[in-house]
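Colleague: For the sequence shown, our numbering gives the first residue as 42, with consecutive numbering after it.
Cβ coordinates follow ideal geometry from the N, Cα and C atoms, glycine included.
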Amino acid sequence: MKRKEKLKIGVIGFGRMGQKYGKEIINHPLLELVYICDKSAKAREIAFQTFPGVEIIDNEDRIFADREIDIVGLFTLADSRPEQIRKAIKTGKHVLAEKPVAEDIRTEWELLNEVEQSNLMVAVNLFNRNAWYHKTIIDFIRSGEICDLAIVRIAHMTPGHMPQEGHAPEGPAFHDCGMHYVDVARWYAGSDYATYHAQGIRMWSYADPWWLQVHGTFQNGVVFDITQGFVYGHLAKDLTHNCYVDVIGTKGIARMTHDFKKATVDMHGVHTTITKTDDFNDKKIDVLVDVFVKSVLSGTNKGFPTMRDSVIASDVAWKMLEDATKNALPCIGQLEDMDEIIARRSTLQNGYGLPLSILKY
Ligand SMILES: NC(=O)c1ccc[n+]([C@@H]2O[C@H](COP(=O)([O-])OP(=O)(O)OC[C@H]3O[C@@H](n4cnc5c(N)ncnc54)[C@H](O)[C@@H]3O)[C@@H](O)[C@H]2O)c1
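Right, here's the structure in full:
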């Protein structure tokens with residue numbers, strides 16, 4: 042690719058995530074936001090108001106046909122990404138994509154193969170990989186401070202995204218969100234999954250489990266447990282959550298917790314104890330956009346999360362869900378409880394993972 046001062050980008054999908062990306066892209070000194078495409082008239086109206094001067098369109102083919110466009114941002118849902126990624130490969134555009142890259146795992150692996158045979162860069166937003174707190178703990182582990190890493194424990198439980206609120210192509214909560222934590226555990230362990238056993242529960246008697254706990258081993262002998270669920274007290278008077286990482290070595294420990302505003306790492310190594318609190322920074326899209334632009338301009342990956350890591354996490358998360366269905370999968374509660382939760386969320390202005398239909402549409 043010829044050396045350019047600024048890269049031109051077209052965005053497809055201007056919903057909750059697309060709007061977050063739009064804000065970071067428009068402010069990036071090395072990017073020019075040329076197009077925003079969304080099939081929803083309401084989303085296009087918001088785009089018109091937010092970004093005057095950007096072409097707002099309803100047909101993504103305009104972006105792929107424009108030879109000046111260097112990068113496409115794919116922020117729709119998983120069902121439309123395979124076709125969009127294939128169009129990007131055909132028209133030679135780099136890709137900044139949301140996860141997962143397809144609705145089913147076979148298509149994900151096929152796409153990965155096609156991407157890896159191209160000379161294009163494809164980043165997928167495994168946002169934890171851009172988090173200062175995880176990088177800090179991983180550096181601590183790799184420095185030998187906890188001696189041999191033995192146990193990785195992760196929990197992510199919030200009164201968050203409910204069935205029927207969108208994201209259907211991304212699957213139940215453990216896939217839609219849980220694949221992030223499947224990826225984080227593998228990143229910490231520095232090894233691939235070997236064995237696992239999953240236990241789920243069909244909260245509110247909904248068809249799919251909305252809470253899952255998995256434990257098992259990595260190929261290097263590290264053991265893990267991951268607990269993920271959007272079932273954490275949706276109807277409590279005051280909403281709260283429980284999110285942490287807890288790593289245990291043969292001689293020390295390191296842990297992290299956050300309140301979605303600030304994150305705190307607390308690391309107790311053999312030579313040093315470090316406690317640090319800093320901004321949580323939501324989905325770290327500023328970091329992702331910046332590292333991706335610099336990677337495309339330099340022709341080498343400067344640290345963006347790869348499609349391979351995303352496909353592995355998606356694959357393993359689906360398999361863990363499948364494992365849970367083979368084990369006892371009890372039902373607790375009634376579908377009416379779920380309706381009550383969805384009704385309450387429809388009036389919230391401040392909550393966990395509220396769909397845009399509630400906030401703006
Ligand atoms: N990485 C993360 O932490 C994270 C967090 C939330 C969501 N996501 C992912 O981001 C993606 C988007 O999620 P969201 O919450 O923004 O969803 P959303 O429903 O709010 O937005 C999707 C937008 O895409 C538009 N759209 C859908 N198909 C289209 C098409 N073919 N052409 C043009 N526009 C199209 C819709 O009209 C909508 O405006 C999902 O894949 C989701 O899994 C990732």
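1. If contacts are defined as beta-carbon pairs under 8 Å, then Glu211 and Leu118 qualify, I think. What distance do you get, rounded to the angstrom?
2. Is the beta carbon of Ile98 less than 8 Å from the beta carbon of Leu74?
3. Hey, Phe168 and Thr132: beta-carbon distance below 8 Å or not?
4. Ile192 and Ile289 look like a contact to me (Cβ under 8 Å); what is the Cβ gap, rounded to whole Å?
5. I'd like to confirm something about Leu118: is its beta-carbon nearer than 7 Å to some heavy atom of ligand 1, or not?
6. Using 10 angstroms around the beta-carbon of Gly262, count the other beta-carbons present and answer buried if the total reaches 16, otherwise exposed.
7. With DSSP as the reference, please indicate the residues paired to His135 in a beta bridge.
8. If you run the structure through DSSP and keep just helix, strand and coil, what is Met162?
9. Taking only runs of the beta strand (DSSP E) that begin and end inside the stretch 223 to 258, which ones reach a length of at least 3 residues, in chain order?
10. Does Gln390 pass the burial test, meaning 16 or more other C-beta atoms within 10 Å, or should it be called exposed?
11. What's the C-alpha gap between Phe271 and Lys45?
12. Which residues mark the beginning and the end of the beta strand (DSSP E) in which His208 is found?
13. Decide if Gln260 is buried, meaning its Cβ has at least 16 other Cβ atoms within 10 Å, or exposed.
14. Give the straight-line distance between the Cα atoms of Met42 and Ile66, rounded to the nearest whole angstrom.
15. Does the beta-carbon of Ile373 have 16 or more other beta-carbons within 10 angstroms, so that it is buried, or is it exposed?
16. Quick one: what's got a C-beta closer than 7 Å to Ala172's C-beta in the same chain, skipping five residues either side?
17. Can the beta-carbon of Trp245 be found closer than 8 Å to that of Ala214?
18. For Ile130, which three-state DSSP category applies?
19. Which of the three DSSP states, helix, strand or coil, is assigned to Met42?
20. At the level of alpha carbons, what is the spacing between Glu10 and Ile178?
21. By Cβ distance, which residues of its chain are closer than 6 Å to Gly208, with the 5 residues on each side in sequence left out?
22. Note down, in chain order, each residue of its chain lying with its Cβ closer than 6 Å to the Cβ of His309, except the 5 sequence neighbours on either side.
23. Of all the options Asn68, Gly344, Gly54 and Met348, which has the alpha carbon lying nearest to the alpha carbon of Cys409?
24. Do you know offhand how far Leu362's Cα is from Leu253's?
25. Do you know whose CA, among Gly63, Lys47, Phe92 and Thr148, lies nearest Leu72's CA?
26. Distance check for Asp266 and Gly241, CA to CA, integer angstroms please.
27. Is Asp79 near ligand 1, with its Cβ less than 7 Å from a heavy atom?
28. So, using beta-carbon positions, are Thr316 and Thr305 closer together than 8 Å?
29. Flag Pro396 as yes when its Cβ comes closer than 7 Å to any non-hydrogen atom of ligand 1, and as no otherwise.
Modeller: In short, the structure shows the following:
1. In the sequence shown, the residue the question calls residue 211 occupies position 170. In the sequence shown, the residue the question calls residue 118 occupies position 77. The pair is a contact, with the Cβ atoms about 7 Å apart (cut-off 8 Å).
2. Locating residue 98 in the sequence shown gives position 57, counting from the first residue. Locating residue 74 in the sequence shown gives position 33, counting from the first residue. Result no, Cβ atoms of Ile98 and Leu74 do not sit closer than 8 Å.
3. Within the sequence shown, numbered from 1, the residue matching residue 168 stands at position 127. Within the sequence shown, numbered from 1, the residue matching residue 132 stands at position 91. Cβ distance not < 8 Å, so Phe168 and Thr132 don't count as in contact.
4. Start at 1 with the first residue of the sequence shown, and residue 192 comes out as number 151. Start at 1 with the first residue of the sequence shown, and residue 289 comes out as number 248. In this structure Ile192 touches Ile289 by the C-beta definition: roughly 4 Å separates them, less than 8 Å.
5. Translated into the one-based positions of the sequence shown, residue 118 becomes position 77. Yes; taking the cut-off as 7 Å, the Cβ of Leu118 has a heavy atom of ligand 1 nearer than that.
6. Within the sequence shown, residue 262 is the residue found at index 221, counting from 1. It is exposed - the Cβ of Gly262 has fewer than 16 other Cβ atoms within 10 Å.
7. Position 94 of the sequence shown, counted from the start, is the residue given in the question as residue 135. Paired residues: Ile112.
8. For the purposes of this step, residue 162 is taken as residue 121 along the sequence shown, with counting starting at 1. If DSSP states are grouped into helix, strand and coil, Met162 belongs with coil.
9. 234 to 244
10. Indexing the sequence shown from 1 puts residue 390 at position 349. With fewer than 16 other Cβ atoms within 10 Å, it is exposed.
11. Taking the sequence shown and counting its residues from 1, one reaches residue 271 at position 230. Taking the sequence shown and counting its residues from 1, one reaches residue 45 at position 4. Computed Cα separation, rounded: 44 Å.
12. By 1-based counting over the sequence shown, the position of residue 208 is 167. Note, His208: premise wrong, no beta strand (DSSP E); not H, not E.
13. If you number the sequence shown from 1, residue 260 lands on position 219. By the neighbour-count rule (16 or more Cβ atoms within 10 Å), Gln260 is not buried but exposed.
14. Numbered from its first residue, the sequence shown carries residue 42 at position 1. Numbered from its first residue, the sequence shown carries residue 66 at position 25. Residue confidence for Met42 is low, a pLDDT of 48 falling below 50, so the modelled location carries little weight; the figure read from the coordinates is stated next. Take the alpha-carbon of Met42 and the one of Ile66: they are about 21 Å apart.
15. Locating residue 373 in the sequence shown gives position 332, where the first residue counts as 1. Counting Cβ neighbours within 10 Å, Ile373 comes out exposed, since fewer than 16 surround it.
16. Within the sequence shown, the letter at position 131 stands for residue 172. Around Ala172: Lys325.
17. Residue mapping note: residue 245 aligns to position 204 of the sequence shown, counting from 1. Residue mapping note: residue 214 aligns to position 173 of the sequence shown, counting from 1. Cβ atoms of Trp245 and Ala214: not closer than 8 Å.
18. For the purposes of this step, residue 130 is taken as residue 89 along the sequence shown, with counting starting at 1. Ile130 falls in the helix class under three-state DSSP.
19. The residue given as residue 42 occupies position 1 in the sequence shown. Confidence in Met42 is poor, its pLDDT being 48 and thus under 50, which makes the residue's placement unreliable; the coordinate value appears in the next sentence. Met42 falls in the coil class under three-state DSSP.
20. In the structure as shown, the chain starts at 42 and stops at 402, and residue 10 therefore has no counterpart that could be examined.
21. As a working mapping, residue 208 is identified with position 167 in the sequence shown. It is His, not Gly, that sits at residue 208 in the sequence shown. Answer for His208: Asp217, listed in chain order.
22. Counting from one through the sequence shown, the residue named residue 309 turns up at place 268. Scanning its chain for C-beta atoms nearer than 6 Å, with the 5 sequence neighbours on each side dropped, one finds around His309 the residues Gly293 and Ile294, in chain order.
23. Absent from the structure is residue 409, since the part of the chain shown begins at 42 and ends at 402.
24. To locate residue 362, count along the sequence shown from 1; it is residue 321. To locate residue 253, count along the sequence shown from 1; it is residue 212. The alpha-carbon atoms of Leu362 and Leu253 are separated by roughly 8 Å.
25. Counted from its first residue, the sequence shown places residue 72 at position 31. Per the Cα distances, Lys47.
26. Numbered from 1 along the sequence shown, position 200 holds the residue referred to as residue 241. Numbered from 1 along the sequence shown, position 225 holds the residue referred to as residue 266. The straight-line gap separating the alpha-carbon atoms of Gly241 and Asp266 is approximately 13 Å.
27. Position 38 of the sequence shown, counted from the first residue, corresponds to residue 79. Yes; taking the cut-off as 7 Å, the Cβ of Asp79 has a heavy atom of ligand 1 nearer than that.
28. Counting from one through the sequence shown, the residue named residue 316 turns up at place 275. Counting from one through the sequence shown, the residue named residue 305 turns up at place 264. Cβ atoms of Thr316 and Thr305: closer than 8 Å.
29. Within the sequence shown, numbered from 1, the residue matching residue 396 stands at position 355. Because some heavy atom of ligand 1 lies under 7 Å away, the Cβ of Pro396 counts as near it: yes.
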